[in-house]
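**Q** Attaching a single structure in structure tokens format; questions to follow.
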Amino acid sequence: MELIITEKDNAARRIADILSGESAEADRQNGVNVYKWGGKRCIGLSGHVVGVDFPPEYNDWRDVEPVELIDASVEKQPTKENIVRTLRLLARDASRVTIATDYDREGELIGKEAWELVREVNEDVPIQRVRFSSITKNEVSSAFENPDELDFDLAAAGEARQIIDLIWGAALTRFLSLSARQLGNDFISVGRVQSPTLKLIVDREREIQAFDPEEYWEMFADLQKDDEAFESQYFYRDEDGNEAERVWDEETAEKAYETLESATQATVDSVSRRTRTDTPPAPFNTTQFIRAAGSLGYSAQRAMSIAEDLYTAGYITYPRTDNTVYPDDLDPEELLDTFVGNYHFGDDADGLLEQDDIEPTEGDEETTDHPPIHPTEDIPTKGELGDDEWDVYELVVRRFFATVAESAKWEHLKVVSTVDDLTLKANGKRLLKEGYHAVYPYFNTSENYVPNVEEGEDLSIIDTRIEDKQTQPPRRYGQSRLIEKMEKMGIGTKSTRHNTIQKLYDRGYLESDPPRPTRLAQAVVKAAEDYADLVVSETMTRELEEDMTAIAEGEADLEDVADSSREILATVFDDLEESREEIGKQLQQSLKEDKTLGPCPECGEDLLVRQSRRGSYFVGCDGYPDCTYTLPLPNKGKPLILDETCEDHDLREVKILAGRSTFVHGCPLCKAEEAEEAEDRIIGECPQCGEGAGSESQRDEGGETAEEHGGELAIKKLQTGSRLVGCTRYPDCDYSLPLPRRGEIEVTDERCEEHDLPELVIHNDTEQSSAGQSDESDDGDEPWELGCPICNYEEFKQRERKSGLEVIDGIGAKTAEKLAEAGIDTIDDLKDAEAETVAEQVNGVSEDRLRNWQAKAD
DNA sequence: GCAAGGTC
């Protein structure tokens, strides 16, 4: 039996399809897909299936001095047990093994990990390596016709990175965490990629804090030719002879403006015209894709997650790529052809095909990993995708269109005129030829109209303005800008950069969007700069890259490189150990600042966000135990203190970070007061233990006795901030119904006949409309008529049952409906379904997509 | 429980 190993299941399936001529069948072993045909088996890994770590005796942070990690051994352990098990099982009986992981350094390392697993159980089987940069019939077939050997040196380069990153990251992370006594979930982390990224953000924040605004003036005049007016701006030549518009001195500005204001005419001094070619953008790599999606309002994380869904569904190519040059295998005309006749893209495709020749643009980066991101020939209908998915899909399609479209042409018209000794200029631009903008509407193509004037012509001044302005501090980096910066600095990879930024949020280093560093972040960067400069510098990565290249080219040895890195870290630790207490104090100080809300209303000490022994968060006084003042916090996620301060209590507001359900909680004292007011509005009898519930409670197996009756239903607000309708006899009776977290609850006079409860109406609170989170479906302006809380809950459960399939990524409401018609209602139905038959029954659902869902369902 | 890198 011949065994083929790929980096991921998706690649395994597609390669099996290509090599078998679509005859391969999927067989699940240990929950892993194995594709088989003839005497062949193909298995997909899940990236790295083994990972590096220290031996278990180093596990307890308190028992080990961080410096000891420098010389600790580093071991490889399986991290994906079931895949490793299945691979070993197949390898035992293999007569030949082909490693077909991705064509990049990490792919070579993943290939070597597979090689080692195979060798453990089969000493003699020949193992070959194939390389291809896109999973197309031509590339894959020719790769398998010309197999190569695994490149152990290249893999070793990757191993060096693993070891060095682990040792530096773990030793420094533990050192900082221990010296600041931050051990639980809130350890203080440091790493080769995350720390330089954090420094980038902190440096920008320092610039902003140090920024001293300067006042300046700008002047404008509206000139008119015939009936056409246009704006001109005052400018002068600075010391270097460059055009400058800002006047830094008030007196000078006012003097000039007096001249301008009192004039009635300007004379055209020069008119210059030039045309500029505006070339279409290069194909998408990951970074540029994230940037473009960012300008549509998607966070890096969200953009990638949507792209991954579109990829798994087969609509776009692999979204993690550095490549900006289409491979020879891609025939743009052929791909355009598949869009002909499409409702949304057909006309644009027709237009592009009419061009004389189709020559795609190329970016600077040409790599072997994957093709640039482009649509595949499998085109979804709009209904098959969610709104966001469609938005992103359209972006990818249109970007592909743009790369094969013609250039645009602009005409720039510059008119310089004079008023006495003052000069004015107007820059006009006009789009002469739309070119690629016709198919790619994401760039700004606004024109600025300046009429045709001639030298020497007099124009009347119809209005003048002087504007008093201030220089602005530099802007914070947005997420996509950060990712671009990281790419330029050479840190992180196409697959990890967006996660790194997320990690910085999760670690309590960043807040808000665009990200702002916390005090802790600033202290960590400062400490690293003072004692371990290398770990916040891009130099570390650059030197590592050089070492890795040397290893890959056989000029250096993995062990030597790792050892010299250990030596450098050891000298770093010499300095660190000396200042351990000072560093710890600084970190603790900034940690406290990040937790401080403001003065305690009882004793005036600082109120802090604290964590109970059980792990839940609350507000407590720094004067504890002398002062025992506390306030509750929601126990949903992690609280984050904002800069906004409550005017009534002088306390900073709190935001609760809970992934996608992150929300602003506000001032905890205000919330506590509100909760007290809103407490326990009684709306009726408890259906489980109320007076009238006697006959029903007989169903209870425990046989409740009569004195345990008399419960009433009340609207309650829990300390966590969530609300519910619950029984007043809680905890003896645990009957409860859910209520929405937000909005004011009105108890109306209408009553539900069936349950004898009042109908409820939820009014939106307008002050804090979902900050940045647009996922709330019910945040319109209309109040929500929730109705009887029992009826509402029953309807909710009904709906939830129906949409059981929608928990799977890629299955929307419409698809779920279609599947239900084919008798697939639940996850179990889906798992049992025969993909081939279902694909025939259900329109628009391919076998591939179904298999994919089935895999997810497990 | 530490990193960064794959992938889900």
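Counting from 1 along the first sequence, just add 19 to a position and that's the residue number in our numbering. For each residue, glycine too, the CB sits at the ideal point set by N, CA and C.
Does residue 16 come out as helix, strand or coil in the three-state DSSP assignment?
**A** Since the first residue shown for the chain is 20 and the last is 877, residue 16 is missing from the structure and cannot be characterised.
**Q** Can you pull the DSSP bridge partners for residue 236?
**A** 266 and 487
**Q** Cβ of residue 124 within 7 Å of any heavy atom in the ligand SAH?
**A** With respect to the ligand SAH, the structure offers nothing, as it holds no ligand at all.
**Q** Helix, strand or coil for residue 708 per DSSP?
**A** coil
**Q** Taking the DSSP output, what are the residues bridged to residue 248?
**A** 243
**Q** Which value, in whole angstroms, describes the spacing of the CA atoms of residue 269 and residue 237?
**A** 10 Å
**Q** Considering just the uninterrupted stretch of the alpha helix (DSSP H) at residue 201, what are its terminal residues?
**A** From DSSP, residue 201 is part of no alpha helix (DSSP H); its letter is neither H nor E.
**Q** Leaving out five residues before and five after residue 313 in sequence, what residues of the same chain have Cβ atoms less than 6 Å from its Cβ?
**A** Hits under 6 Å: 499.
**Q** Starting from residue 101, follow the alpha helix (DSSP H) in both directions and report where the run begins and ends.
**A** 100-111
**Q** Whose CA, out of 264, 311 and 240, lies closest to the CA of residue 278?
**A** Cα-wise, what sits closest to residue 278 is 240.
**Q** Is the distance from the Cβ of residue 771 to the Cβ of residue 765 below 8 Å?
**A** no
**Q** At which residues does the alpha helix (DSSP H) containing residue 340 begin and terminate?
**A** Segment: none, residue 340 is in no alpha helix (DSSP H) and carries neither H nor E.
**Q** Residue 119 lies in the beta strand (DSSP E); which residues open and close that run?
**A** 115-119
**Q** Taking residue 284 as part of the beta strand (DSSP E), name the residues at either end of that continuous run.
**A** 284-297
**Q** Assuming residue 27 and residue 63 form a contact by the criterion Cβ under 8 Å, report the distance between their Cβ atoms to the nearest whole angstrom.
**A** 5 Å
**Q** Smallest Cα separation from residue 493: which of 127, 206, 215 and 227?
**A** 227
**Q** Pull the bridge partners of residue 744 from the DSSP assignment, please.
**A** 734 and 756
**Q** Classify residue 790: buried if its beta carbon has 16 or more other beta carbons within 10 angstroms, exposed otherwise.
**A** Unreliable placement is indicated for residue 790, whose pLDDT of 38 sits below 50; no coordinate value is reported for it.
**Q** Could you pull the DSSP bridge partners for residue 682 from this structure?
**A** 675
**Q** For residue 379, which residues from the same chain have a beta carbon less than 6 Å from its beta carbon, with the 5 sequence-adjacent residues on both sides left out?
**A** 345, 351, 422 and 423
**Q** Quick one: measure Cβ to Cβ for residue 126 and residue 120, integer angstroms, because I've assumed they're closer than 8 Å.
**A** 4 Å
**Q** Sorted by chain position, which residues of the same chain lie with C-beta nearer than 6 Å to residue 308's C-beta, five sequence neighbours on each side aside?
**A** 392
**Q** Do the region 586-595 and the region 512-523 make contact, defined as three or more Cβ pairs closer than 8 Å?
**A** no
**Q** Taking only three categories from DSSP, how would you classify residue 431?
**A** strand
**Q** Tell me residue 255's beta-bridge partners as DSSP assigns them.
**A** 263
**Q** Quick one: what does DSSP say residue 581 is sitting in, helix, strand or coil?
**A** helix
**Q** Could you give the distance in angstroms between the alpha-carbon of residue 620 and the alpha-carbon of residue 639?
**A** 11 Å
**Q** Please go through the region 474-543 and give each complete beta strand (DSSP E) segment of 3 or more residues, from N-terminal end onward.
**A** 477-489
**Q** Residue 509: which of 172, 245 and 560 sits nearest, CA to CA?
**A** 560
**Q** Give the DSSP bridge partners of residue 61, in chain order.
**A** Looking at the DSSP assignment, residue 61 forms a beta bridge with 23 and 54.
**Q** In whole angstroms, what is the alpha-carbon distance linking residue 656 and residue 649?
**A** 19 Å
**Q** From 218, 107 and 248, pick the residue whose C-alpha is nearest to that of residue 472; which is it?
**A** 248
**Q** Taking all protein chains shown into account, do 16 or more other C-beta atoms lie within 10 angstroms of the C-beta of residue 36, making it buried, or fewer, making it exposed?
**A** buried
**Q** My guess is that residue 609 and residue 539 are in contact by the Cβ rule of under 8 Å, so how many angstroms apart are they, rounded?
**A** 5 Å
**Q** Taking the alpha helix (DSSP H) that residue 151 belongs to, which residues open and close that run?
**A** Here residue 151 belongs to no alpha helix (DSSP H), and DSSP marks it neither H nor E.
**Q** Measure the C-alpha to C-alpha separation of residue 212 and residue 181 and round it to an integer number of angstroms.
**A** 13 Å
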